Amino acid sequence: MKSISFKIILIAIWGMTSISAHAQTSIPFEIAPSGHITIKAIVNGIEGNFILDTGAGLTLLTKKFSSKMANVQKLNREYTAFRATGEKITADLYTTDQIMIGDFKDPGPTMMIFDVELGPFDGLISLMSFKNQPFTVDYDQKKLIIETPGSFKIRKTKGNILPLQIESSRDITLDIFTFVQVNKKLTLQFLVDSGAGANVFHINAKHLQELGVDVSDTSKVIKRTRKSEFNKDIETSIYSTNVAEIAAKDFPQIHVNEPKVLFIEGLIYDGTSSLNWFGKQITIDVSGKQMIVGK
1271 MKSISFKIIL IAIWGMTSIS AHAQTSIPFE IAPSGHITIK AIVNGIEGNF ILDTGAGLTL
1331 LTKKFSSKMA NVQKLNREYT AFRATGEKIT ADLYTTDQIM IGDFKDPGPT MMIFDVELGP
1391 FDGLISLMSF KNQPFTVDYD QKKLIIETPG SFKIRKTKGN ILPLQIESSR DITLDIFTFV
1451 QVNKKLTLQF LVDSGAGANV FHINAKHLQE LGVDVSDTSK VIKRTRKSEF NKDIETSIYS
1511 TNVAEIAAKD FPQIHVNEPK VLFIEGLIYD GTSSLNWFGK QITIDVSGKQ MIVGK
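The sequence shown maps to residues 1271 to 1565 in the numbering used here.
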């Protein structure tokens, strides 16, 4: 959610899981026109439609959806996060009994509740639900697969293993990063953000000159400003252009040619990207600090 993509609150915000050890659990998902992974989840017996958001940091429910639920408890504490542009956001924290995704259960999750309208979506499911559970996003079969120790071992033998760097704050939020190379020249650490949609790339504008981007060339670079949804006095400058290539560091076979990139002034990361470009089957293992991309 720390990406500044078209999702309004996904950039604004920033349990132990349990699962049967005997069989994989597969949960069907859909791909929204925006490229977001959408899954069904049951929160305290109420089913909703959620975005699977590896960049959300923290699970979020809309106020409209949470009003349908019993036993939602407001905690006596709050959390301060920063948008990708550095804007500070402070929100109250809540907890509830459990989140069920298929047969997979996340008991006692910590969440945020916001009075926002997300269209057909009731909120975001973050990586906090999976901090101890490897899972696979299978874009071909459109399934979210909860891995067993045996199936996970097979994934490792058949895939490319990319190292992940983990950012966790006070055991409340969780995000993952990996290194990429831009134009075979610049190595940057990207937030991996499935909540950005599909084929979305953001890079800190300070790297424009290093990558040889001439912002005065309006035939190749489009500049615009975007006002904050929370503070209209804050504007962010964005430069849109294409780069030659983005590839996973040490895995040149995992790459995308001539992607459109938004260079963002004040971005608090080197860059961010969506998940889909890494491959068709992507296994995320937070506790092992690795992402396995099927060959």
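Where a beta carbon is used, it is the ideal one built from N, C-alpha and C, also for glycine. Only a predicted model underlies this, so the values are computations on that prediction, with no experimental measurement involved.
Give me whichever residues DSSP pairs with residue i in a beta bridge.
i: S1557; result: According to DSSP, which records beta bridges pairwise, S1557 is partnered with nothing at all.
i: P1377; result: Q1368
i: M1382; result: L1330
i: G1564; result: G1429
i: K1413; result: P1298, D1408
i: D1362; result: E1348
i: K1401; result: In DSSP, K1401 forms no bridge with anything.
i: S1438; result: L1444
Please identify the residue among the options whose C-alpha is closest to the C-alpha of residue i.
i: L1532; options: K1519, N1430, I1473; result: I1473
i: T1295; options: L1444, S1486, L1545, G1420; result: G1420
i: N1430; options: L1331, Q1523, V1491; result: Q1523
i: L1363; options: K1565, L1331, G1465, K1530; result: L1331
i: I1316; options: S1336, L1322, A1326, F1299; result: S1336
i: G1465; options: K1428, Q1343, L1322, D1367; result: L1322
i: S1544; options: F1384, V1407, E1387; result: V1407
i: P1529; options: F1471, S1486, V1563; result: F1471
i: T1355; options: N1346, A1302, G1372, I1534; result: I1534
i: G1327; options: A1302, F1447, S1486; result: F1447
Given residue i, which residues of its chain have a CB within under 7 angstroms of its CB, disregarding the five upstream and five downstream residues?
i: E1480; result: L1456
i: A1340; result: N1314
i: P1390; result: N1319
i: L1388; result: T1332
i: L1565; result: Note on identity: in this sequence residue 1565 is Lys, with Leu being the wrong assignment. If we look at K1565 and ignore the five residues flanking it on each side, its Cβ neighbours are K1428, G1429, N1430.
Can you give the Cα-Cα distance for residue i and residue j, rounded to whole angstroms?
i: Q1459; j: G1536; result: 16 angstroms
i: T1488; j: E1357; result: 28 angstroms
i: K1426; j: F1449; result: 19 angstroms
i: K1334; j: D1392; result: 8 angstroms
i: D1463; j: T1324; result: 5 angstroms
i: A1518; j: N1314; result: 39 angstroms
i: K1338; j: M1382; result: 15 angstroms
i: G1467; j: G1305; result: 4 angstroms
i: A1361; j: I1442; result: 12 angstroms
i: I1554; j: K1454; result: 25 angstroms
i: A1556; j: N1319; result: Before going on, a small fix: residue 1556 reads as Val here, not Ala. Approximately 24 angstroms between the Cα atoms of the pair.
i: P1377; j: S1399; result: 9 angstroms
i: T1511; j: N1527; result: 13 angstroms
i: I1561; j: I1309; result: Looking at the sequence shown, residue 1561 is not Ile but Met. Their Cα atoms are separated by approximately 21 angstroms.
i: K1401; j: K1412; result: 22 angstroms
i: T1542; j: N1469; result: 11 angstroms
i: L1434; j: D1445; result: 10 angstroms
i: T1366; j: V1342; result: 5 angstroms
i: K1277; j: W1547; result: In this predicted model, K1277 has a pLDDT of only 44, less than 50, meaning its place in the structure is not dependable; the value taken from the coordinates is given anyway. In a straight line, the C-alpha of K1277 is about 19 angstroms away from that of W1547.
i: S1439; j: D1484; result: 37 angstroms
i: K1344; j: P1379; result: 12 angstroms
i: T1350; j: F1384; result: 14 angstroms
i: R1347; j: D1503; result: 28 angstroms
i: V1563; j: F1299; result: 19 angstroms
In its own chain, which residues sit with a C-beta less than 8 angstroms from the C-beta of residue i, not counting the 5 before and 5 after it?
i: K1496; result: Before going further, note that residue 1496 is Arg rather than Lys in the sequence given. The answer, listed in chain order, is I1274, E1505, T1506, I1508.
i: A1291; result: Residue placement at A1291 is poorly supported in this model, since its pLDDT is 39, which falls under 50; the coordinates are not used for a value here.
i: K1559; result: P1433, L1434, Q1435, I1436
i: F1422; result: P1404, T1553, D1555
i: D1540; result: L1458, Q1459, F1460, I1473, N1474, H1477
Please check the pair residue i and residue j, which I expect to be a contact at CB under 8 angstroms, by giving their CB distance rounded to whole angstroms.
i: I1538; j: H1525; result: I1538 to H1525, Cβ: 25 angstroms. No contact.
i: T1329; j: I1395; result: 6 angstroms
i: I1297; j: L1414; result: 4 angstroms
i: V1452; j: V1491; result: With 8 angstroms as the limit, V1452 and V1491 do not qualify as a contact, their Cβ atoms being about 16 angstroms apart.
Who are the Cβ neighbours of residue i in its own chain at under 6 angstroms, not counting the five residues just before and after it?
i: M1370; result: I1312
i: K1493; result: Y1509
i: F1521; result: N1430
i: K1550; result: Y1409, D1410
i: Q1368; result: K1375, P1377
i: G1372; result: T1295, I1297
i: S1486; result: none
Measuring only from the beta carbon, is residue i closer than 7 angstroms to any heavy atom that is part of the ligand COA?
i: T1350; result: The ligand COA is not part of this structure, which contains no ligands at all.
Any Cβ of chain D within less than 8 angstroms of the Cβ of residue i?
i: D1503; result: This model lacks chain D altogether; it includes just one protein chain.
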